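Trainee: I'd like to ask some things about the structure below.
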Amino acid sequence: MTKEIIENDPYKSAGVDIDAGNDLVDRIKRDVASSHNENVVGNIGGFAGMFKLSKDFDEPILVACTDGVGTKVALAQESSKVDGIGQDLVAMCVNDLIVCGAKPLFFLDYLASSKLEVDEASRIIKSIANGCKNSGCALIGGETAEMPGHYVGKNFDLAGFSVGCVEKNKIIDGRDIKVNNILIGIESSGPHSNGFSLIRKIINDSSANEDEIKRITQLALKPTHLYPNLIMRLIEKFKINGMAHITGGGLTENIPRSIPKNLAVEIFLDSWELPEIFEWLKKNGNIADEDMLRIFNCGIGMVLVVDEDIAENIKTEIKDNGFESFNIGRVVKKDCNSVTYK
């Protein structure tokens, strides 16, 4: 392309820089390729990503989900700490996949902005690629959209899509859950990627000093835990009756999604300590306990429903894999509410 055409690029005058997009692709090729395995067909830059399904599956069921990071991206931008939100994006998707026992296979991302900031975008996509590697899935494609006039200033949005696979006879759907099953709560890293519109409001309205705000912001921005490797190891060794990924809606709304309609759960709030970030949000936002439990994960990122006689062995395995866990409750016959706190 001649220098004259580049300097008089009409598309660039409208706010879309094709060359910046090409520069980004060149920068991320190595990071994206590092997430690939023997099942990935083709290379980055094609019109579509291709993935070969392993012959290890006898009766494979494909499982798909999509999610975003919400306004956590805004807090990350304001703090110039965007490196972790790629992992957040991957986690929000693959943590949903594994709830039914599906092994994550591949991932695609979508990044839209008013103006493509190549350095920032490359850091985010590197984080996505690392999140994929640490979840056992491959980043096989994505889209970067530059949309001047649609997004304000340097704002951007981030979304992801993931596909996994589970044997039909190994789907975990909650049908084996029964009265007196134990709820094991696995620790979260913080708010994960939910409740950030409220978190940002509380931080902005707070009269706390600058050092405290910086510390709380760092706690809030901790990347979401990736649970797939842990859960896949647990599934190989133990019978898991049901699982719930604790996202928007907190414990109150997410656990009932995995429980049969005729059953309910009792949760013992003294069985784990509310992490500092949530104590601070509760105090500074003047939030009632009931609201905390239906907005935030409150320190519990994933809940397993298991038979009582194997609960302690499962907790030992969880600890051996680097996570803390707690017996947070039990399954009971449904009377009125799906979730009762004690």
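Counting from 1 along the sequence shown, just add 31 to a position and that's the residue number in this note's numbering.
Cβ coordinates follow ideal geometry from the N, Cα and C atoms, glycine included.
If you're wondering where the values come from, they're calculated on a predicted model, not measured in any experiment.
I need the boundaries of the beta strand (DSSP E) containing V149, first residue and last residue.
Mentor: Numbered from 1 along the sequence shown, position 118 holds the residue referred to as residue 149. Segment 149-164 is the alpha helix (DSSP H) holding V149; no beta strand (DSSP E) there.
Trainee: Tell me the DSSP bridge mates of S193?
Mentor: As a working note, residue 193 is residue 162 in the sequence shown. According to DSSP, S193 bridges with C96, F138.
Trainee: Which residue from I286, D98, G101, A79 puts its Cα closest to that of V370?
Mentor: Against the sequence shown, residue 370 aligns to sequence position 339. Answer by Cα proximity: I286.
Trainee: Could you please give the first and the last residue of the uninterrupted beta strand (DSSP E) stretch that includes G332?
Mentor: Taking the first residue of the sequence shown as 1, we reach residue 332 at position 301. Note, G332: beta strand (DSSP E), 331-337.
Trainee: Please state whether DSSP places D188 in a helix, a strand or coil.
Mentor: In the sequence shown, residue 188 corresponds to position 157, counting from 1. Strand.
Trainee: Measuring only the C-alpha atoms, how far is S65 from K164?
Mentor: Residue mapping note: residue 65 aligns to position 34 of the sequence shown, counting from 1. Residue mapping note: residue 164 aligns to position 133 of the sequence shown, counting from 1. Whole-angstrom Cα-Cα distance: 8 Å.
Trainee: Taking only the alpha-carbon atoms, compute the straight-line gap between K34 and C329 and give it to the nearest angstrom.
Mentor: On the sequence shown, position 3 is the one that residue 34 refers to. On the sequence shown, position 298 is the one that residue 329 refers to. Below a pLDDT of 50, predicted positions are generally treated as unreliable, and K34, at 47, falls in that range; no measurement from the model is reported.
Trainee: Does D366 have its Cβ less than 7 Å from a Cβ in chain C?
Mentor: Going by chain labels, chain C is absent from the structure shown, which holds only one protein chain.
Trainee: State buried or exposed for I380, treating a residue as buried only when at least 16 other CB atoms are found within 10 Å of its CB.
Mentor: Only positions 32 to 373 of the chain appear in this structure, which leaves residue 380 out of reach.
Trainee: Is K86 near the ligand MG - that is, is its Cβ less than 6 Å away from at least one heavy atom of it?
Mentor: The ligand MG is absent from the structure shown, which contains no ligand whatsoever.
Trainee: With DSSP as the reference, please indicate the residues paired to R246 in a beta bridge.
Mentor: Counting from 1 along the sequence shown, the entry for residue 246 is found at position 215. Paired residues: none, contrary to the question.
Trainee: Can you tell me whether S85 is buried or exposed, with buried defined as 16 or more other CB within 10 angstroms of its CB?
Mentor: As a first step, residue 85 is located in the sequence shown; it is residue number 54 there, counting from the start. So S85 ends up on the exposed side.
Trainee: Got a sec? Which residues, its chain only, sit under 6 Å from G273 by beta carbon, not counting five neighbours each side?
Mentor: Taking the first residue of the sequence shown as position 1, residue 273 is located at position 242. Excluding sequence neighbours, G273 sits near G205, I208, S289, V336.
Trainee: So does the segment 218-225 actually touch the segment 118-136, counting three or more Cβ pairs closer than 8 Å?
Mentor: They touch, by the three-pair rule.
Trainee: Using the Cα positions of C25 and V100, report the straight-line distance between them to the nearest angstrom.
Mentor: The requested residue 25 does not occur in the structure, where the chain is confined to residues 32 to 373.
Trainee: Going by DSSP in three states, A133 sits in which element: helix, strand or coil?
Mentor: Translated into the one-based positions of the sequence shown, residue 133 becomes position 102. Of the three classes helix, strand and coil, the one that applies to A133 here is coil, per DSSP.
Trainee: Please classify D140 as buried or exposed, where buried requires at least 16 other C-beta atoms within 10 Å of its C-beta.
Mentor: Translated into the one-based positions of the sequence shown, residue 140 becomes position 109. Looking at its Cβ environment, which holds 16 or more other Cβ atoms inside 10 Å, D140 is buried.
Trainee: Taking its Cβ as the centre, do 16 or more other Cβ atoms sit within 10 Å of R26, making it buried, or is it exposed?
Mentor: Outside the shown range of the chain (32 to 373) lies residue 26, about which nothing can therefore be said.
Trainee: Can you check which of these residues, G132, E343, C367, is closest to N358 by C-alpha distance?
Mentor: Residue numbering aside, residue 358 sits at position 327 when the sequence shown is read from its first letter. With distances taken between Cα atoms, N358 lies closest to E343.
Trainee: From L252, I75, A160, F137, pick the residue whose C-alpha is nearest to that of K83; which is it?
Mentor: Taking the sequence shown and counting its residues from 1, the one referred to as residue 83 is at position 52. Considering only alpha carbons, the answer is F137.
Trainee: State the start and end residues of the unbroken alpha helix (DSSP H) segment that holds R264.
Mentor: Taking the first residue of the sequence shown as position 1, residue 264 is located at position 233. Unbroken alpha helix (DSSP H) run through R264: 259-268.
Trainee: Mark M32 as exposed unless 16 or more other C-beta atoms lie within 10 angstroms of its C-beta, in which case mark it buried.
Mentor: As a working mapping, residue 32 is identified with position 1 in the sequence shown. Any answer about M32 is weak, because its pLDDT of 47 lies below 50 and its placement is not dependable; what the coordinates show is given next. That one is exposed.
Trainee: Here's the rule I'm using: 16 or more other beta-carbon atoms within 10 Å means buried, otherwise exposed. How should Q118 be labelled?
Mentor: Here the question's residue 118 lines up with position 87 in the sequence shown. Per the 10 Å Cβ criterion, buried.
Trainee: Note the first and the last residue of the continuous beta strand (DSSP E) segment covering E218.
Mentor: For the purposes of this step, residue 218 is identified with residue 187 of the sequence shown, where counting begins at 1. Note, E218: beta strand (DSSP E), 213-218.
Trainee: Across the segment 140-151 and the segment 170-188, are there enough close Cβ pairs to call them in contact, namely three or more that are closer than 8 Å?
Mentor: Yes, they touch.
Trainee: Can you tell me whether K259 is buried or exposed? The criterion is at least 16 other CB atoms within 10 Å of its CB, across all chains shown.
Mentor: The residue you call residue 259 lines up with position 228 of the sequence shown. The residue asked about is misnamed: residue 259 is Pro in this sequence, not Lys. It counts as buried.
Trainee: Would you kindly report the start and end of the unbroken alpha helix (DSSP H) that includes L285?
Mentor: Here residue 285 is taken as the residue at index 254 of the sequence shown, counted from 1. For the sequence presented, residue 285 should be read as Asn rather than Leu. First-last of the alpha helix (DSSP H) with N285: 281-285.
Trainee: With burial defined as no fewer than 16 other Cβ atoms inside 10 Å of the residue's Cβ, what is the status of I331: buried or exposed?
Mentor: For this step, residue 331 is matched to residue 300 along the sequence shown. Under this definition I331 is a buried residue.
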